[in-house]
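Enquirer: Take any residue in the sequence shown, note its place counting from 1, add 109, and you have its number in this note's numbering.
C-beta: ideal position from N, C-alpha, C; glycine also.
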Amino acid sequence: MPPSVSIIIPAYNCERFISETIDSVIHQTFKNFEVLIVDDGSTDGLRQIAGEFTLRDTRIKYRYQKNLGVSAARNFGFRQSHGNFIAFLDSDDIWLPENLELKLNRFERDNVGLVHSDASIINEHSEKKQATLRGAEGDLLDALLLWDGTQIPGPSSILIRREVLDTVGLFDENLSTAADKDLFIRIAARYKIGRVDQVTWKYRIHSNNMHKNIPVMEADVLFLYRKARTLNLFKTKAFEKKCFSVMYLILAATWAGDGKNLKKAFLFFLQAVRNDPQVIFNVMRRAVNRWILN
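#1: Residues in the same chain with beta-carbon distance under 6 angstroms from A181, minus the five sequence neighbours each way, listed in chain order, please.
#2: In whole angstroms, give me the CA-to-CA distance for R156 and W310.
#3: Measure the C-alpha to C-alpha separation of V277 and D153 and round it to an integer number of angstroms.
#4: For the segment 221-249, which segments carrying the beta strand (DSSP E) assignment without a break, of at least 3 residues, lie completely within its bounds, in sequence order?
#5: Please classify F390: is it buried, with 16 or more other beta-carbons within 10 angstroms of its beta-carbon, or exposed?
#6: So V179 and P119 are supposed to be a Cβ contact under 8 angstroms. How far apart are they, rounded?
#7: Name the residue from K346, F216, I169 whose alpha carbon lies nearest to the alpha carbon of S427.
#8: Tell me whether the beta-carbon of F194 lies closer than 8 angstroms to the beta-carbon of R271.
#9: Among I359, S354, A374, which one has its Cα closest to the Cα of P386?
#10: Quick check on the DSSP output: what are the complete beta strand (DSSP E) runs of length 3 or more inside the segment 179-219, in order along the chain?
#11: Is it right to say L358 is buried, meaning 16 or more other beta carbons lie within 10 angstroms of its own, or is it exposed?
#12: Entirely within the segment 328-383 and at least 3 residues each: give me those beta strand (DSSP E) ranges in chain order.
#13: Can you find the residues in the same chain that come closer than 7 angstroms, C-beta to C-beta, to G247, ignoring five residues on each side of it along the sequence?
#14: Could you tell me if A297 is buried or exposed, where buried requires 16 or more neighbouring beta carbons within 10 angstroms of its beta carbon?
#15: Would DSSP call E282 helix, strand or coil?
#16: Would you kindly report the start and end of the unbroken beta strand (DSSP E) that includes R304?
#17: In three-state terms, what does DSSP make of S151?
#18: Use the C-beta contact count for K237: other C-beta atoms within 10 angstroms, 16 or more gives buried, fewer gives exposed.
#19: In whole angstroms, give me the CA-to-CA distance for A347 and N384.
#20: Once the 5 residues before and after F187 are set aside, which same chain residues still bring their CB inside 8 angstroms of it?
#21: Where does N403 sit, in a helix, a strand or coil, going by DSSP?
#22: Just to confirm, are T241 and A252 a CB contact at a threshold of 8 angstroms?
#23: Could you give the first and the last residue of the continuous beta strand (DSSP E) run that contains A120?
#24: Between W204 and L213, which are expected to be in contact by the criterion C-beta below 8 angstroms, what is the C-beta distance as a whole number of angstroms?
#25: To the nearest angstrom, report how far apart E233 and A159 are at their CA atoms.
#26: My understanding is that V325 touches T286, with C-beta atoms under 8 angstroms, so please give their C-beta distance in whole angstroms.
Quick look at the structure:
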């Protein structure tokens with residue numbers, strides 16, 4: 110009997126966190142699963158650590174590929190998997206024990222293509238640091254395209270029917286930081302999204318997180334929105350302009366803040382205004398509200 114859930118862990122030079130991640134899978138209340146650890150060309154001690162787990166638990170398998178990036182590692186793991194449901198777990202994140210059980214139960218209640226859940230944020234020492242990440246459910250395509258807050262907290266949050274990935278395709282290997290958002294958009298274009306209304310995993314923030322690389326983030330986001338346009342995912346031309354405007358505004362804020370590049374920030378702000386002049390009034394309103402609250 111094949112495992113009901115295949116858990117794919119893409120891993121690159123993560124010896125510091127991987128044991129805690131795998132332990133969180135082993136202690137799931139739902140036991141009918143397989144784990145595929147895909148080593149994406151690591152140069153640290155990952156192979157040895159993963160090998161120790163494979164000797165102790167036959168459900169855990171180690172696979173190696175040359176360094177091709179996280180999207181390629183996830184796709185490689187999927188092609189090696191056998192489960193009716195697919196879960197992705199980043200090698201620095203942690204699941205709580207009932208994560209899989211609660212999500213499988215959610216699938217039984219509604220015809221959804223993907224189920225996700227809320228997350229607490231931890232630091233490199235596994236200490237809780239910030240507010241909970243909460244997503245949404247239902248028809249999420251427009252909200253995802255509009256970048257309207259957190260709709261699906263991240264890849265470690267999701268459980269997907271295998272047939273869904275067979276239909277919409279896997280992670281786009283042209284992308285890294287935005288590959289998960291791209292997949293969520295393609296799934297939301299065809300299926301409703303389900304949510305478990307409680308924290309079932311922990312998202313770890315540390316200095317090596319991919320989102321810290323702003324030039325890569327910029328390239329990914331621009332590619333993602335142009336791809337969405339090619340796939341005709343925007344419901345109207347006016348809505349498309351609004352979505353692009355929000356995207357440019359987020360890039361402007363990112364470069365002005367973490368990127369500390371005011372020239373790039375200003376250029377992206379101009380593009381935001383060009384696509385939707387209303388964005389100026391939205392920015393001013395938020396600034397006034399923040400000033401009043403302070």
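Expert: On the basis of the supplied data:
#1: E282
#2: 25 angstroms
#3: 34 angstroms
#4: 223-231, 237-242
#5: exposed
#6: 5 angstroms
#7: Limits of the chain in this structure are 110 at one end and 403 at the other, which puts residue 427 out of reach.
#8: yes
#9: When only C-alpha atoms are compared, the closest one is S354.
#10: 194-197
#11: buried
#12: At a cut-off of 3 residues, not a single continuous stretch assigned as beta strand (DSSP E) sits fully inside the segment 328-383.
#13: K301, I302
#14: buried
#15: Correct three-state label for E282: coil.
#16: 302-313
#17: S151: coil per DSSP, three-state reduction.
#18: exposed
#19: Within the model, the alpha-carbon separation for A347 versus N384 is close to 9 angstroms.
#20: S115, I117, I195, L274, L279
#21: Reliability of the predicted coordinates at N403 is poor, the pLDDT of 48 falling under 50, and the value obtained from them is presented with this limitation in mind. Reduced to three states, the DSSP call for N403 is coil.
#22: The Cβ-Cβ distance between T241 and A252 does not fall below 8 angstroms.
#23: 114-120
#24: So it is not a contact: roughly 13 angstroms between Cβ atoms.
#25: 20 angstroms
#26: Yes, V325 and T286 are in contact; Cβ-Cβ is about 6 angstroms, under 8 angstroms.
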